[in-house]
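Here is the structure we will look at.
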Amino acid sequence: MPLVALVDDDSIFQFTATRLIESAKLAQEILHFENGNEALLYLEKNATSADLLPDFLFLDINMPIVDGWMFLEDFQKLKMKLAKEFPIYMVSSSIDPRDMSRARAFNEVKDFVIKPVTIERFTELLNAH
Amino acid sequence: MNFPLQSGEPNKSEASQAFSLLQAAVNSTADGLLVVNTDGKISIYNHRFLDIFGFSEEEAHDQPDEVLLSRAITKIVEPEKFLARVRELYATPHAESNDFMELLNGTILHRYSKPQILNGEVVGRVWSFRDITEQKKAEASLLKSEQLYRTLTDNMLEFINLVDTQGKIIYLSPSTKQILGDNYLSHVGTSIFSLVHAEDLEGAIGKFNQLVVERKAVKAEVRYQKANGGYIWLETNGNPIVNEDGSVDTIVLASREITDRKVSEEKILEQNFKLSTIADTLKAKNEQLEEFTQIVSHNLRSPVSNILSLLDFYEKSGDENEKKNFIKMMRESGSKMLSHLHELNEVLKIKQNKDIERQWIEFSNALENVKQQLSVLITNTEAIITSDFTQAPKIHYPNIYLESILINLLSNALKYRHPEKVPEIQFSTTRTDAGILMTIRDNGLGINLKKYGHHIFKLRKTFHNHPESRGIGLFMVKNQIEALGGEINIFSEENNGTTFTVKFG
Numbered sequence: 001m002p003l004v005a006l007v008d009d010d011s012i013f014q015f016t017a018t019r020l021i022e023s024a025k026l027a028q029e030i031l032h033f034e035n036g037n038e039a040l041l042y043l044e045k046n047a048t049s050a051d052l053l054p055d056f057l058f059l060d061i062n063m064p065i066v067d068g069w070m071f072l073e074d075f076q077k078l079k080m081k082l083a084k085e086f087p088i089y090m091v092s093s094s095i096d097p098r099d100m101s102r103a104r105a106f107n108e109v110k111d112f113v114i115k116p117v118t119i120e121r122f123t124e125l126l127n128a129h
Numbered sequence: 130m131n132f133p134l135q136s137g138e139p140n141k142s143e144a145s146q147a148f149s150l151l152q153a154a155v156n157s158t159a160d161g162l163l164v165v166n167t168d169g170k171i172s173i174y175n176h177r178f179l180d181i182f183g184f185s186e187e188e189a190h191d192q193p194d195e196v197l198l199s200r201a202i203t204k205i206v207e208p209e210k211f212l213a214r215v216r217e218l219y220a221t222p223h224a225e226s227n228d229f230m231e232l233l234n235g236t237i238l239h240r241y242s243k244p245q246i247l248n249g250e251v252v253g254r255v256w257s258f259r260d261i262t263e264q265k266k267a268e269a270s271l272l273k274s275e276q277l278y279r280t281l282t283d284n285m286l287e288f289i290n291l292v293d294t295q296g297k298i299i300y301l302s303p304s305t306k307q308i309l310g311d312n313y314l315s316h317v318g319t320s321i322f323s324l325v326h327a328e329d330l331e332g333a334i335g336k337f338n339q340l341v342v343e344r345k346a347v348k349a350e351v352r353y354q355k356a357n358g359g360y361i362w363l364e365t366n367g368n369p370i371v372n373e374d375g376s377v378d379t380i381v382l383a384s385r386e387i388t389d390r391k392v393s394e395e396k397i398l399e400q401n402f403k404l405s406t407i408a409d410t411l412k413a414k415n416e417q418l419e420e421f422t423q424i425v426s427h428n429l430r431s432p433v434s435n436i437l438s439l440l441d442f443y444e445k446s447g448d449e450n451e452k453k454n455f456i457k458m459m460r461e462s463g464s465k466m467l468s469h470l471h472e473l474n475e476v477l478k479i480k481q482n483k484d485i486e487r488q489w490i491e492f493s494n495a496l497e498n499v500k501q502q503l504s505v506l507i508t509n510t511e512a513i514i515t516s517d518f519t520q521a522p523k524i525h526y527p528n529i530y531l532e533s534i535l536i537n538l539l540s541n542a543l544k545y546r547h548p549e550k551v552p553e554i555q556f557s558t559t560r561t562d563a564g565i566l567m568t569i570r571d572n573g574l575g576i577n578l579k580k581y582g583h584h585i586f587k588l589r590k591t592f593h594n595h596p597e598s599r600g601i602g603l604f605m606v607k608n609q610i611e612a613l614g615g616e617i618n619i620f621s622e623e624n625n626g627t628t629f630t631v632k633f634g
């Protein structure tokens with residue numbers, strides 16, 4: 001079962017997403033990060049430990065300090081040093097097409113997921129690997 | 130027949146020498162010469178005479194005089210006129226004649242005739258013929274070209290002036306009448322610059338001097354005063370007439386009217402200005418719309434999507450305690466959305482309220498007021514706040530906006546103070562061409578603008594892990610300043626404090 005990372009400042013989304021993933025037994029463990037900066041610090045710290053790196057990363061766009069876009073820019077440089085490759089799902093309440101096309105411009109982003117995320121959608125995304 | 134010069138008594142050596150001299154002289158002249166005695170016999174002719182009338186030496190030698198003369202006459206245009214003139218001359222033997230004649234082959238001759246007098250008695254007549262065909266042709270073509278130029282300048286729509294190197298008018302073409310009236314020639318002798326519009330004078334004189342000094346053609350668009358007092362736009366091409374020694378004393382000014390074009394150009398410029406203003410406004414509106422799409426997309430949709438997820442949980446849950454918790458979270462999301470809507474509404478009000486009332490406010494009073502509102506925070510942080518409003522002590526601005534700007538920038542500086550430094554915050558104002566500029570400088574945490582610069586004035590953007598970060602203040606302040614045509618900028622470095630400048634509109 002995969003290790004899943006949730007990067008989102010919205011505590012209610014963290015709560016509902018965690019509950020859904022756990023109830024469907026889709027993850028071994030869930031890592032919570034309040035913003036892009038926290039997630040980057042964790043990845044950098046554990047870059048060489050493949051078993052501590054996530055198998056999936058859900059990334060919000062609007063966050064304080066380091067938002068989703070800034071995370072992706074820094075992640076492009078960091079990813080070479082990581083012991084493991086993993087897909088990133090951009091998760092946002094945004095339905096602005098400009099956000100979607102901007103997300104697709106990053107090779108690291110596997111898909112753009114619009115909130116709210118249902119249990120079916122989580123199942124589909126987490127089984128895709 | 131006498132060739133080429135004949136004399137009855139060439140036996141004396143002195144006479145023979147004189148004869149030979151005469152023969153050489155007669156043959157070296159460029160004119161055709163013929164001397165006929167009163168009996169109609171030819172006494173002398175030269176080679177040039179034969180050339181002009183197209184006789185060969187042999188012909189001249191072999192023909193009797195009568196035949197040669199009558200054949201010569203057949204080569205003349207209007208021979209009767211010529212013969213009549215000859216008869217007239219023979220009737221008045223002492224008369225001289227000086228006129229022109231034309232041959233059938235197109236040769237034009239200057240004919241000069243004088244009596245030959247010996248011992249006071251007329252014994253014959255000397256005729257000289259000078260070929261002036263080339264000279265006549267040149268004269269005719271010069272006349273023709275002069276007439277052509279005259280016709281052109283007199284009938285052209287262009288206005289042609291000749292002026293000297295001081296700009297004094299030498300010639301005005303008749304077309305100038307349209308501008309200067311019937312009395313246009315009275316301007317000859319006056320300065321061309323006395324006709325130029327005051328605003329164009331400096332430029333016109335500059336171009337004229339350039340032309341005189343560099344002896345090169347120049348072009349200028351200049352307004353000239355008309356006889357009726359109005360002005361006309363002319364495009365003038367100036368060309369120096371360069372003398373053989375390279376000097377210039379006359380300048381040709383050829384002008385055509387471009388008033389219609391100028392008026393159109395001005396209209397186009399005006400329209401362009403209007404269009405670009407509209408385009409700027411549209412661009413700004415479009416940017417605002419994009420900003421609102423972002424706000425609606427992110428800030429409003431996210432609590433709603435949370436509520437929907439929680440509702441789903443609520444429906445599927447059988448645990449009363451858990452359900453209470455879901456309700457609590459839904460309420461939280463609801464009030465979050467309500468506050469977002471409230472903020473959006475505030476911003477919209479600012480954007481729509483461009484004509485908000487302004488009053489004269491003293492910066493020092495406004496700052497005191499704001500310091501009182503934030504007194505608890507100031508006391509707790511032991512911040513040192515200084516100000517210098519001497520250069521621009523007052524401003525005509527909406528009171529609530531100035532208060533909002535000051536309160537947000539001051540609380541921002543206090544919030545993001547450096548943990549190891551006593552906060553120092555300086556306010557100052559200066560006057561610039563663009564209006565009053567306020568500067569707020571602090572010694573706080575600063576911010577990495579390279580990383581966060583593009584987000585600094587956006588809604589709900591915070592860059593510090595700070596409990597009081599709401600990310601609304603700067604967004605609001607920016608909107609208030611821009612709504613009145615102003616501008617806010619930030620200069621900062623991490624750990625080195627932040628400076629905000631506000632250009633009030």
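Read top to bottom, the protein sequences are chains A and B. Quick note: the first sequence, position 65, residue 65 per the numbering used here, numbers continuous. Quick note: the second sequence, position 232, residue 361 per the numbering used here, numbers continuous. By construction, the Cβ of each residue, glycine as well, lies at the ideal position given by its N, Cα and C atoms. Keep in mind that this is a model prediction, so the values were computed, not measured.
- One thing to note: B/V155 has its Cβ no nearer than 8 Å to the Cβ of B/Q245.
- Separation of B/D409 and B/N415 (C-alpha to C-alpha, rounded to the nearest whole angstrom) is 10 Å.
- Of the candidates B/G602, B/I507, B/D517, the residue whose Cα lies closest to the Cα of B/Y530 is B/G602.
- Three or more pairs of CB atoms, one per stretch, sit closer than 8 Å, so the segment 568-586 of chain B contacts the segment 547-555 of chain B.
- The segment 347-363 of chain B makes contact with the segment 322-332 of chain B: 3 or more CB pairs, one atom from each, lie closer than 8 Å.
- Using beta-carbon distances, A/F13 counts as an interface residue toward chain B, with a partner under 8 Å.
- Leaving aside the five residues that flank B/L314 on each side, the residues in its chain whose CB is nearer than 7 Å to its CB run, in chain order, L301.
- For B/D194, the enclosing alpha helix (DSSP H) stretches over residues 194-203.
- With respect to chain A, the C-beta atom of B/E616 has no partner C-beta closer than 8 Å.
- Among the CB atoms of chain B, none fall inside 8 Å of the CB of A/K45.
- If one requires a minimum length of 3 residues, the beta strand (DSSP E) runs lying completely within the segment 459-547 of chain B are 488-491, 513-517, 523-526, in chain order.
- B/V215: member of the alpha helix (DSSP H) spanning 208-220, first to last residue.
- When the five nearest sequence neighbours on each side are left out, the beta carbons in the same chain lying within less than 6 Å of the beta carbon of A/L72 are those of F106, in order along the chain.
- A/M90 does not reach chain B, its nearest Cβ partner there being about 13 Å away, counting only Cβ pairs nearer than 9 Å.
- Annotation: A/D111 has no Cβ neighbours in chain B at a cutoff of 8 Å; minimum Cβ distance is about 17 Å.
- Annotated as proximal: B/I424 and B/L473, with beta-carbon spacing under 8 Å.
- With the criterion set as a beta carbon lying under 9 Å from some beta carbon of chain A, the members of the segment 415-431 of chain B are E419, T422, Q423, V425, S426, H427, N428, L429, R430, S431, in sequence order.
- If one requires a minimum length of 3 residues, the beta strand (DSSP E) runs lying completely within the segment 250-332 of chain B are 250-260, 288-292, 298-301, in chain order.
- Contact check between the segment 483-490 of chain B and the segment 449-457 of chain B: fewer than three CB pairs, one atom from each, fall below 8 Å, which does not count as touching.
- One finds N435, S438, L439, F442 in chain B with Cβ atoms closer than 8 Å to the Cβ of A/T16, taken in chain order.
- Annotation: the continuous alpha helix (DSSP H) that includes B/P432 extends over 430-445.
- DSSP places B/A383 within a strand segment (E or B) once states are collapsed to three.
- Residue burial is scored here from C-beta neighbours: B/L411 has fewer than 16 other C-beta atoms within 10 angstroms and is therefore classed as exposed.
- As the crow flies, the alpha-carbon of B/G253 is around 5 Å from that of B/T167.
- The C-beta distance from B/T262 to B/F288 rounds to 40 Å, too long to fall under 8 Å, and the pair is not in contact.
- Here A/H32 is bridged, per DSSP, to A/L6.
- Here DSSP, grouped into helix, strand and coil, assigns A/M1 to coil.
- For B/E461, the chain A residues whose Cβ falls inside 8 Å of its Cβ are I12, in order along the chain.
- Listed along chain B, the residues sitting closer than 8 Å to A/S94 by beta-carbon distance are Q423, S426, H427, R430.
- B/M458 reaches chain A at I12, F15, counting residues in chain order whose Cβ is nearer than 8 Å.
- Take the alpha-carbon of B/T508 and the one of B/N537: they are about 17 Å apart.
- In the DSSP assignment, B/H239 falls within the unbroken beta strand (DSSP E) covering 237-247.
- Membership of A/T16 in the alpha helix (DSSP H) is indicated by the continuous run 11-23.
- DSSP places B/A159 in the coil class of the three-state scheme, outside both helix and strand.
- Membership of B/T559 in any alpha helix (DSSP H) is not indicated; the residue belongs instead to the beta strand (DSSP E) covering 553-561.
- The alpha-carbon separation between B/N608 and B/F629 amounts to approximately 15 Å.
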